[in-house]
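Same order as they appear, the protein sequences are chains A and B.
To convert, note that position 138 of the first sequence is 138 in the working numbering; the numbers rise steadily by one, no gaps.
For any residue, its number in the working numbering is found by taking its place in the second sequence, counting from 1, and adding 156.
Note that beta-carbon positions come from the ideal geometry of N, C-alpha and C, so glycine has one too.
First up is the structure itself, then whatever we jot down about it.
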Amino acid sequence: MREINLVINGSDVQATVADRLLLSDFIRDDQRLTGTHVGCEHGYCGSCTVLLDGASVRSCLTLAVQTDGHVIETVESLAVGADLHPIQEAFRSNHGLQCGFCTPGLLMTTLELARENRDCSRDEIRERLAGNLCRCTGYHQIVDAVQAVLRTGLSR
Amino acid sequence: MSVLIPATLAQALSALDDAPSSMVLAGGTDAMVEINGGHRRPDSVIAVGRLAELRTWTHDVISATLRIGAAVTYAELEADQFRRWVPALSQAARTVGSPQIRHAATLGGNVATCSPAGDGLPALSALDAIVHLVSITGQRSVPFAEFMVGPKRTSLRPGELIEAITVPVFAGWQGYAKVGVRNAMVISNAGACLAVDDEGGVRLALGSVGPTIIRCSQAEAFAATVVDHGQRAVSEADAVEFGRVAASEARPIDDHRSTADYRRHAIAVLSRRLLRRAFPNG
């Protein structure tokens, strides 16, 4: 067990964790931020994607102790109460989700892309989202949603 | 399982000297999958992915070489300057996993895992990369061809860590191509890297079709007799023959991901295409 200090969604967090604890389990079980989903624990599905110092990573392939001194953003950082984030609103209005299991990972991957503040072709969007599996939508509406948010920007 | 996150390379080497059986963790995109799946249960882990000494690179203009720290990530290798210096390695970087994987996965980790399907490895073979190893007692440098001795088997000694990889910066064309079931998150079923060196030699290295990365000495010798550097030309018939010779040098097997026949066919096609991309005229 060891003490770690990190920032999660803008708040300072101090916790004592086992060395073996995955970041995904730390976020969900210890921090009770259950928006981050764990699909495969193989690094394959992308549902557990969070931002580590602004870069999208697999929280299931990261140990909690490795985030000591770093900044984590999860899907809970997006909405303010009932007020959806522009990315969430774009996914809603473009029907970019059905069951919703993969959605938190896709939203965080999209947030990273949207912060680059540039338009992308649909092919480029698909390449950027290639690490996030969705078994419902067929991806078309997800690409629509991402394209919409890249055009309108992140301001609320 | 205990995890050490050393602050300096010296600390990491000292810890590795104390416990040589420790698992060295870099980006974790292979190692953590094995830990999560219960395939490896290390007592102690040394996480080196954020060591500043391993996160640097140096471009030496005089010697036309690039020394890449072992913990430089594939996301970094995708970037513009690497695309200019080592296009094949940069292209290979772009085919690794997905953006999230590339943010974590490191070149040194790929070299240490040393899977025949490691996407960075055909480029290192074609470029005759040098692997720099360091331990508490000293340093040594090993050609990549001597570092990789079998599938996931290396000549790394107990207590040694991969510090950096040096590759030449060539002026000629180079590229990497692979075949898999989809573009992202795929382990390649066959891969090939072609590079034209500064003496005009055509180099070809194959991945996923043998116990190690395979350098195609016969295909390379054949290319030397048929390509026209001045015109950047090769005939289609010679390119087809180049592919056939390369395929004959592959040593693929049947496994759960593909068959030996398909892999051999894929190598013929990829090698032919790469040669035609390097010599598009004629």
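Between B/Gly-347 and the set B/Ala-301, B/Glu-405, B/Arg-419, the nearest pair of CA atoms involves B/Arg-419. Positions of the alpha helix (DSSP H) runs, each at least 4 residues long and wholly inside the region 238-276 of chain B, are given as 243-250, 255-260, 263-269 in order along the chain. Taking a Cβ-Cβ threshold of 7 Å, none of the residues of chain A is close to B/Met-179; the smallest such distance is about 12 Å. In this structure, B/Ser-297 and B/His-288 form a Cβ contact; the two beta carbons are roughly 5 Å apart against a cut-off of 8 Å. Non-local C-beta neighbours of B/Phe-398 in its own chain, meaning closer than 7 Å and more than five positions away in sequence, comprise Ala-375, Phe-378, Ala-379, Ser-427, Arg-428, Leu-431, ordered along the chain.
Residue environment: B/Val-217 is assigned as exposed (fewer than 16 neighbouring CB atoms within 10 Å of its CB, all protein chains considered). With a cut-off of 8 Å on Cβ pairs, the region 188-195 of chain B is in contact with the region 30-50 of chain A, counting three or more such pairs. Only those residues of the region 286-305 of chain B whose C-beta falls short of 9 Å from the nearest C-beta of chain A would be listed, and there are none. Minimum Cα-Cα distance from A/Met-1 among the listed residues A/Arg-20, A/Gln-14, A/Ser-11 corresponds to A/Arg-20. Looking at the backbone, the Cα of A/Asp-12 and that of A/Thr-74 are separated by about 14 Å. Excluding residues up to 5 positions away in sequence, Ser-24, Ile-27, Arg-28, Cys-48, Val-50, Ser-59, Thr-74, Val-75, Pro-104 lie with their Cβ nearer than 7 Å to the Cβ of A/Thr-36 in the same chain. Classified as exposed, B/Thr-214 has fewer than 16 neighbouring CB atoms from the shown chains inside 10 Å of its CB. For the region 248-273 of chain B, the residues whose beta carbon sits under 8 Å from a beta carbon of chain A are, in order, Gly-253, Ser-254, Pro-255, Gln-256, Ile-257, His-259, Ala-260. The beta carbon of B/Lys-308 sits closer than 7 Å to the beta carbons of Thr-269, Cys-270, Ser-271 from its chain, once the five residues preceding and following it are set aside; these are given in chain order. Secondary structure of B/Ile-318 (DSSP, three-state): strand. Counting along the chain, the unbroken alpha helix (DSSP H) around B/Asp-174 starts and ends at 165-174. Under the three-state reduction of DSSP output, B/Met-157 falls in the coil class, being neither helix nor strand. Taken through DSSP and simplified to helix, strand or coil, B/Asn-437 comes out as strand. The Cβ neighbour count for A/Thr-67, taken over all protein chains shown within 10 Å, is at least 16; the residue is labelled buried.
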